[in-house]
Every structure is written in structure tokens, then in C-alpha cells.
Amino acid sequence: MYIVEKEIKEQITELPKVFAYVENYLKNNNLPKFILNSDIIYFIGCGTSLYLSLSGSRFFTQKTQIETKALPGGEIWFAIDENLGTSKNIKKSAILISRSGESTEVIKAGEKFKEIGIPTLGITLEEDSSLVKISQSSIILPIKEEAIVMTKSFSSMLLTLQLIASFIKGEDINIYKDLVKETERIINSANDLSLNHTSYKHYVFLGLGAEEGIARESALKLEEMSLSKIEAYSTFEYRHGPKSLLEEGFLVSIYTKGIEEEKSLVNELKNYGADVITIGGKDTDLYISDLPESLFLKVIWGQILGLNIAKSKNIDVENPRNLTKVVKF
381 MYIVEKEIKE QITELPKVFA YVENYLKNNN LPKFILNSDI IYFIGCGTSL YLSLSGSRFF
441 TQKTQIETKA LPGGEIWFAI DENLGTSKNI KKSAILISRS GESTEVIKAG EKFKEIGIPT
501 LGITLEEDSS LVKISQSSII LPIKEEAIVM TKSFSSMLLT LQLIASFIKG EDINIYKDLV
561 KETERIINSA NDLSLNHTSY KHYVFLGLGA EEGIARESAL KLEEMSLSKI EAYSTFEYRH
621 GPKSLLEEGF LVSIYTKGIE EEKSLVNELK NYGADVITIG GKDTDLYISD LPESLFLKVI
681 WGQILGLNIA KSKNIDVENP RNLTKVVKF
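In terms of my numbering, the sequence shown opens at residue 381 and continues consecutively.
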């Protein structure tokens with residue numbers, strides 16, 4: 381069994397562990413006050429962690445009503461003046477996200493924030509990392525990930541961000557304790573569904589709001605694991621130009637919000653010759669949950685599909701082309 385496959389399945393046991401860890405962290409009032417008092421929070425990551433930042437930031441805004449902005453680390457390191465305003469009347473903070481805690485652009489972004497007095501919360505898996513050293517406060521999750529391709533670390537760190545957002549809102553976070561129990565069912569269902577969808581010439585992922593980050597991460601998983609031709613968009617942006625390529629041999633996966641207009645979009649895409657899979661609540665092809673809090677589980681579809689496409693093409697997912705576990709300059 382591939383390490384990646386093993387780590388996808390380990391979400392069954394690791395996500396409850398992450399929930400317990402973060403629950404204890406929050407109940408002991410360890411969340412830094414600069415997060416609670418912010419007018420705007422920057423979510424900073426690279427690669428998978430950027431898409432994690434995109435989903436996490438939008439979920440955060442939905443729950444807390446705090447304005448957020450997700451940015452690649454390089455946008456702060458190399459183009460900070462084009463991304464941050466200079467107002468002194470706005471309370472700013474940043475959440476830095478890196479599995480290894482060593483991604484160069486994220487660390488450099490942390491240094492830039494420190495220079496201009498913006499406090500940072502780091503989220504990582506590595507206690508002795510540069511991210512922990514540069515951040516004013518840190519959350520170090522109690523899991524390890526060996527594979528180059530990020531899987532369980534994505535769902536674990538997104539679960540962490542969702543727990544923080546729900547906690548700030550004052551909600552009962554035990555809903556997540558129930559959701560993580562669904563992980564094995566979702567993995568098995570995704571595997572069964574994906575086995576019949578591994579031979580398309582082109583894959584498209586669509587998601588709206590917080591689901592856009594899941595769509596973009598799913599596309600990245602297929603690129604990394606299966607070297608497939610991929611696109612990802614905010615759901616309704618696909619109708620503005622990109623659909624011109626659509627034809628038979630395309631598989632479009634839509635992370636749904638259950639709105640009526642999505643049904644019209646599905647019919648439109650099918651009329652152009654594409655096959656469509658819907659992921660999310662009831663009456664979808666892959667049922668996850670009707671709850672917005674289940675966001676962290678939706679990425680499993682892209683992980684499983686990418687793995688099974690790679691297997692069908694005899695691609696070694698342990699050694700993805702041109703990639704390393706930690707990206708440094």
C-alpha cells in the first residue's frame with residue numbers, strides 16, 4: 381500500500397485525535413487575544429496550504445464576521461505593498477500555515493509581518509520548525525505525515541481552523557466530534573464512486589465560497605498524484621469562458637451548497653457532453669453532510685479520486701514528478 385493511501389485512511393483515527401487536541405487548546409483559553417480582537421486576519425500559505433487558507437478564511441468570515449484575506453506567502457514577501465493597506469486604525473493579524481513549518485515564502489511572510497508589527501499565529505505539524513520560532517503563538521498538531529503529497533494534514537489543519545471559528549462564535553463544537561466519526565464512511569463511499577471515473581481526458585472541480593478552496597485543492601491532488609489535465613474555478617465562473625472547452629470526456633466535480641442555480645448549471649454542463657458528479661449534502665452523488673461544518677471532510681473526494689486515477693495509470697504517487705516535501709528557495 382502506498383504511504384499516501386495509508387495516510388488518507390489514517391484520517392479515520394487522526395481526525396478524532398486532532399479534534400480532542402484543539403478542543404483542549406481552546407477550552408484552556410490558549411487562543412491568542414490578537415485573533416479575537418482583529419478587524420482583518422490574513423491567512424497565509426503556499427500550495428496546498430494556500431487552498432487550505434482560502435477555504436479556512438472564508439469559513440472563518442462566515443462564522444465570525446471578521447474580515448479575512450487568503451494570500452500566498454510570496455505575495456507578502458515580494459509584493460507586500462500591493463496586498464496590505466497602511467491604515468493604523470485597523471487591527472490586523474495573520475495565520476501562517478505550513479505542514480513542515482519550513483516553507484520559505486511563509487517564513488519570509490512571517491518575518492515581514494513581524495517587522496511591521498502584525499502578530500501571527502502559526503499552524504504546523506512540526507514543533508521545532510522555523511514557523512514556530514517566527515510566530516507569536518503556535519498550534520502544533522499531534523500528527524505526522526510522511527508522504528510528499530499532503531492529505532491528512534490538510535483535513536486536520538482545516539478542521540483546526542473551523543473549530544477556532546466556531547469557538548469564537550460561541551457554538552457547541554461537539555458537532556465536529558460527531559462529524560469526524562463519518563470519515564470512514566466517506567472514504568469508502570468516495571472509493572466506490574471514484575473507481576468508475578478514472579479514465580476521463582479532463583477533470584474540472586468547482587466550488588463556491590469556502591468550497592472553492594476545496595475545489596482548487598482537489599485539482600492539485602489530481603495534478604500531483606495522477607498527472608491529469610485539471611481545471612478549478614469558483615462554481616459560476618466556469619460559465620464565463622472556461623466552458624468553451626467542455627465536451628465529452630470531461631468529468632466535472634461540483635462541491636455544492638444546495639442552491640437552485642447549481643441544478644441549472646449541472647444540466648447545462650451535461651448538455652455540453654460532460655459527466656457531472658455532485659459532492660455535499662443530500663441528493664448529491666457523494667453524500668458528505670448537509671452541515672457547513674463538514675467542509676474539512678469534502679476534500680476526501682479529490683484525494684481518493686487522484687489516488688485511484690494514479691493507480692489506473694501505474695503512476696508512483698510516492699514520487700510525484702518535480703516535487704519535494706518541503707519547498708525552499
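Just so it is clear, CB atoms sit at the ideal spot from N, CA and C, and this is done for glycine as well.
Quick caveat: nothing in here was measured; it's all calculated off a predicted structure.
Practice problem: Please confirm whether I415 and I424 have their CB atoms less than 8 Å apart. | Solution: Their beta carbons are not under 8 Å apart, which means I415 does not touch I424 by this criterion.
Quiz prompt | Residue range of the alpha helix (DSSP H) that includes E597 | solution = E591 to S606 is the extent of the alpha helix (DSSP H) around E597.
Practice problem: Go ahead and label P499 buried or exposed: buried means 16 or more other beta carbons lie within 10 angstroms of its beta carbon, across all protein chains shown. | Solution: Buried, because 16 or more other Cβ atoms sit within 10 Å of the Cβ of P499.
Exercise. Specify, as a first and last residue, the run of the alpha helix (DSSP H) that L625 falls within.
Key: Boundaries for L625: no alpha helix (DSSP H) harbours it, and the DSSP string shows neither H nor E there.
Quiz item: Alpha carbon to alpha carbon, how far is T615 from I548?
Solution: Each residue's Cα considered, the two are about 29 Å apart.
Practice problem: State the CB to CB distance for the pair L511 and I487, rounded to an integer number of angstroms; the pair is presumed to be in contact (CB under 8 Å). | Solution: The beta carbons of L511 and I487 sit about 6 Å from each other, so the pair counts as a contact at 8 Å.
Quiz item: Is it buried or exposed for L541, if we count other Cβ within 10 angstroms and need 16 for buried?
Solution: Buried, by the Cβ-count rule.
Self-check item: Per DSSP, cross-strand counterpart(s) of L451
Solution: Residue pairing for L451: DSSP places it in a beta bridge opposite I424.
Quiz item: What first and last residue would you give for the alpha helix (DSSP H) that runs through F399?
Solution: Q391 to K407 is the extent of the alpha helix (DSSP H) around F399.
Quiz item: Looking at the structure shown, is E525 part of a helix, part of a strand, or coil, going by DSSP?
Solution: When DSSP states are grouped into helix, strand and coil, E525 belongs to the coil group.
Quiz item: Taking Cβ to Cβ, would you say V679 is nearer than 8 Å to M605?
Solution: When the beta-carbon positions are compared, V679 and M605 stay at least 8 Å from each other.
Quiz item: Do K609 and H582 come within 8 Å of each other at the CB atom, strictly closer than that value?
Solution: Taking 8 Å as the cut-off, the beta carbon of H582 is found closer than this to the beta carbon of K609.
Self-check item: Anticipated Cβ contact below 8 Å, E506 with S480, distance rounded
Solution: Going by Cβ atoms, the distance from E506 to S480 rounds to 6 Å, so yes, they are a contact pair.
Practice problem: Could you tell me which residues DSSP puts in a beta bridge with H582? | Solution: Paired residues: F630.
Quiz item: Apart from the five residues just before and just after K705, which ones in its own chain have a Cβ nearer than 6 Å to its Cβ?
Solution: For K705, the predicted structure reports a pLDDT of 47, less than 50, and the residue's modelled location is therefore unreliable. A value from the coordinates is still provided. Sequence-distant Cβ neighbours of K705 in its own chain, meaning closer than 6 Å and more than five residues away, are I528.
Quiz item: From which residue to which residue does the beta strand (DSSP E) around V655 run?
Solution: Per the sequence shown, the amino acid found at residue 655 is Asp instead of Val. That run of the beta strand (DSSP E) goes D655 to G660.
Quiz prompt | Per-residue burial, A459 [other beta carbons within 10 Å of its own, 16 or more giving buried] | solution = That one is exposed.
Self-check item: Cβ neighbour criterion (16 or more within 10 Å) applied to E385
Solution: Around the C-beta of E385, 16 or more other C-beta atoms lie within 10 Å, and the residue is accordingly described as buried.
Quiz item: What residue from T504, I544, T531 and L645 has the CA that sits closest to K413's CA?
Solution: Comparing Cα positions, the closest option is I544.
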